[in-house]
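In this note's numbering, the protein residues as written are 2 to 127. Beneath this line is the structure, given in C-alpha cells, with notes to follow.
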Amino acid sequence: MSAVSEYQGRIGKVFAPNPRGVVGIVDELLNMVCEQGCSLDWKRGRCCIKALHAPGTATAEICMQKSIFRALLARIAALANERSPNSVSPYGGEGEVAVLSGSEMLLHVAFENRSGRQQLVIRPSS
C-alpha cells in the first residue's frame, strides 16, 4: 500500500460518522496530524486535505456540506480560545490547541471561516 493510499484511508476513518459528531471528527483529525500537520480547504462540496510533511503528495478529498466544514472550523476556534481566551474569532485567526496523544502537544492553527473562503492549516508548534 502506498503512503498516499494509506493517508487517504486514515482520513476516511477520521471523517466517518461517529457518535461524537463534529467534536469527534476534530479530535481524531488533530490526533492524526499532530506530527506532520495538514491543510484543509472546502471547494465545491468537498473537503480537500493535504499533508504538509508527508512523503509524496498525500492528499484526500471528502464529500461534505459546507455547513459541516464551517462547524469544524468553529470547533477549532473554540479549542484555540480554551487555551488562550479571545485569541481567535469563529471567522478566523491564528492560535494554539492542545492535543493529548500520549503526552500534551501544542498545534498551531490558522484558519479562515468566511462566506467566500473556508480554510484551515494545522502545524506542530515550534
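Where is the CB? At the ideal position from N, CA and C, for every residue including glycine.
| Check | Outcome |
| --- | --- |
| Cβ-based neighbour list, V100, same chain, cut-off 7 Å, excluding 5 preceding and 5 following | L31, N32, C35, M106, L108 |
| Same chain only: Cβ atoms within 7 Å of Y92, ignoring 5 sequence neighbours per side | N114, R115 |
| Whole-angstrom distance between S6 and N82, CA atom to CA atom | 34 Å |
| For M106, three-class secondary structure by DSSP | strand |
| Buried versus exposed call for C64 [16 or more other C-beta atoms within 10 Å across all chains shown] | exposed |
| Neighbour-count burial assignment, Q119, 16 or more Cβ in a 10 Å radius | buried |
| Rounded separation between V24 and L80 - CA only | 10 Å |
| N-terminal and C-terminal residue of the alpha helix (DSSP H) that L30 is part of | 22-34 |
| Range covered by the alpha helix (DSSP H) that runs through S68 | 67-84 |
| Residue span of the beta strand (DSSP E) that contains A61, given as start and end | 60-64 |
| Option in A4, R11, A61 with minimal Cα separation from D42 | A61 |
| Residues bridged to P125 [DSSP beta-bridge criterion] | L108 |
| Endpoints, alpha helix (DSSP H) assigned at R11 | 4-15 |
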